[in-house]
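These notes are about the structure you will find just below.
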Amino acid sequence: MATIAVAGKGGTGKTTICALVVRYLLARGETPVLAVDADPNSNLGQTLGVEVGITVGSAREQGFTGDREIPSGMTKDDFVQYKIQEALAEAEGFDLLTMGRPEGAGCYCFANNIIRRYMDALADDYCHVVMDNEAGLEHLSRRTTRRTDVLLVIADAGIRGVDAARNVLDLAAEMELEVGESLFVLNRAGDKARDALMPEIERLKLPLAAVIPEDPALFEAEVAGRSLLELPDGSPSVDAAAPLFDKIFGTV
99 MATIAVAGKG GTGKTTICAL VVRYLLARGE TPVLAVDADP NSNLGQTLGV
149 EVGITVGSAR EQGFTGDREI PSGMTKDDFV QYKIQEALAE AEGFDLLTMG
199 RPEGAGCYCF ANNIIRRYMD ALADDYCHVV MDNEAGLEHL SRRTTRRTDV
249 LLVIADAGIR GVDAARNVLD LAAEMELEVG ESLFVLNRAG DKARDALMPE
299 IERLKLPLAA VIPEDPALFE AEVAGRSLLE LPDGSPSVDA AAPLFDKIFG
349 TV
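Structure representation (structure tokens):
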């Protein structure tokens, strides 16, 4: 089993990269997959064409941490596990778990703490785990024993995106995250942008693993609100990402 975490500043297309990873795994029968949307600005479900109902964060709003909310004969831990299972949105070949954010006053750490306790056991039921992370890597920092096999750091075609990627790497080092391999992906960029940014990219001291070009098919799907899992074979983004995913899932 491989655990793939995707991180980068908002707007770089990290959720799109997550969807491409899931699409790749489904196409090759590497199922079931657990997709985790750990970004408070949750949109992985929409990108994957899955309707999100209850989230882990919304469980707090339901007040299930109070003993009075726990059904008779059920322990608090049993009830928490039940709620997390309820939060799993099932789809063909994969499930989606959305962290969400409490709507009222409260700390987003609550959702992270619940996931920390149960993610390892939950992940054992899947062939692979793909996580869409917030820029601060909060979810990864609160994990327990399971390491992240590959951290994909995403940037778009601009200096600010590369700078944000550097911040992600610095943060991962500061948190002493257990990561098998970190790889850099330049998204929505062509050869000219890659060449212009190469001096900054080289300063990352991180392998440039893939350059994902602008993709009209992907753009049309996003505008229409269609799932990116429906992208056709041969589309530029699918073809550009495939060698990277071949490498990742052929070695982990």
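The sequence shown: position 169 = 267 (the numbering used here), numbered continuously. Backbone N, C-alpha and C define an ideal beta-carbon position, used for all residues, glycine too.
Rounded to whole angstroms, the gap between the alpha carbons of residue 109 and residue 171 is 46 Å. At the C-beta level, residue 253 and residue 281 stay beyond 7 Å of one another. Judged by DSSP secondary structure, residue 285 falls outside any alpha helix (DSSP H) and instead within the beta strand (DSSP E) spanning 277-285. By the Cβ test, the segment 174-193 is in contact with the segment 137-155, since at least three Cβ pairs between them sit closer than 8 Å.
Note that the C-beta distance between residue 230 and residue 135 is below 7 Å. In this chain, residue 99 is not harboured by any beta strand (DSSP E), its DSSP state being neither H nor E. Where residue 257 is concerned, the enclosing alpha helix (DSSP H) starts and stops at 257-272.
Of the residues 327, 177, 291, 116, the one whose Cα lies closest to the Cα of residue 312 is 291.
Residue 308 is not a Cβ neighbour of residue 269, given a cutoff of 7 Å. Residue pairing of residue 231 in beta bridges, as defined by DSSP: 136. When secondary structure is reduced to three states using DSSP, residue 247 falls in the strand class. Per DSSP, residue 150 lies in no beta strand (DSSP E) and is assigned neither H nor E. Apart from the 5 residues on each side of it in sequence, residue 129 sits with its Cβ closer than 8 Å to the Cβ of 123, 191, 192, 225 in its chain, given in chain order. Contact between residue 266 and residue 105 is confirmed by a C-beta separation of about 5 Å, below the 8 Å threshold. Counting other Cβ atoms within 10 Å of its Cβ, residue 112 reaches 16 or more and is therefore classed as buried.
If you draw a 10 Å sphere on the C-beta of residue 247, you find 16 or more other C-beta atoms in it, and that means buried. Counting every other CB atom within 10 Å of its CB across the protein chains shown gives residue 219 a total below 16, marking it as exposed. Annotated three-state conformation of residue 175 is helix, per DSSP.
Here residue 310 carries a strand assignment [DSSP, helix/strand/coil].
The criterion of a C-beta distance shorter than 7 Å is satisfied by residue 326 and residue 319.
Residue 245 counts as exposed, since fewer than 16 other C-beta atoms from the protein chains shown sit within 10 angstroms of its C-beta.
Counting other Cβ atoms within 10 Å of its Cβ, residue 251 reaches 16 or more and is therefore classed as buried.
Per DSSP, reduced to three states, the secondary structure at residue 295 is helical.
Note on residue 346: 16 or more other CB atoms within 10 angstroms of its CB, so buried under the neighbour-count rule. Residue 260 and residue 121 have their alpha carbons spaced roughly 26 Å apart. Counting only the Cα atoms, residue 168 lies some 46 Å from residue 339.
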